[in-house]
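Q: Structure below; questions to follow.
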């Protein structure tokens, strides 16, 4: 069974995720009202384009959600945003480094 992001929810890569990646996947689905389950998001798949297909407005909403949940500010003018929001895995790594709660 393939999902909108092209991953297979029974694929070992999709199940090989950290608790923080799972938490962020659930937050992403809830905050953006995505029509898929958090478990269906491949942690290494792109959040943009052929991956989840997020746009800049989605990223702003996701950044706000992350800021509220984890107690640090993601800035729109951060030159590293493309790398931070490349995938669920890269976002989780950034959150793990900077979270205050």
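Numbering (my numbering), first residue to last: 430 to 530. C-beta: ideal position from N, C-alpha, C; glycine also.
(1) Scan the stretch 476-520 and note each continuous alpha helix (DSSP H) run of 4 residues or more that stays entirely inside, going in chain order.
(2) For a quick check, are the C-beta atoms of residue 494 and residue 460 less than 7 Å apart?
(3) Could you tell me the boundaries of the alpha helix (DSSP H) in which residue 394 lies?
(4) Determine the burial state of residue 476: buried for a count of at least 16 other Cβ atoms within 10 Å of its Cβ, exposed for fewer.
(5) For residue 522 and residue 464, I'd like the C-alpha separation in whole angstroms.
(6) In chain order, what residues of the same chain have a beta carbon less than 7 Å from the beta carbon of residue 520, not counting five sequence neighbours either side?
(7) Quick one: measure Cβ to Cβ for residue 528 and residue 473, integer angstroms, because I've assumed they're closer than 8 Å.
(8) Does the distance from the CB of residue 489 to the CB of residue 496 come in under 7 Å?
A: Reading from the atomic positions:
(1) Qualifying alpha helix (DSSP H) stretches, in chain order: 485-499 and 510-513.
(2) Yes, Cβ-Cβ distance for residue 494 and residue 460 is below 7 Å.
(3) Past the boundaries of the shown model lies residue 394; the chain is included only from 430 to 530, so the question cannot be answered.
(4) By the 10 Å Cβ count, residue 476 comes out buried.
(5) C-alpha separation (whole angstroms): 25 Å.
(6) Cβ within range, chain order: 453, 513 and 514.
(7) About 21 Å separates the Cβ atoms of residue 528 and residue 473, ruling out a contact at the 8 Å cut-off.
(8) Going by C-beta atoms, residue 489 is not nearer than 7 Å to residue 496.
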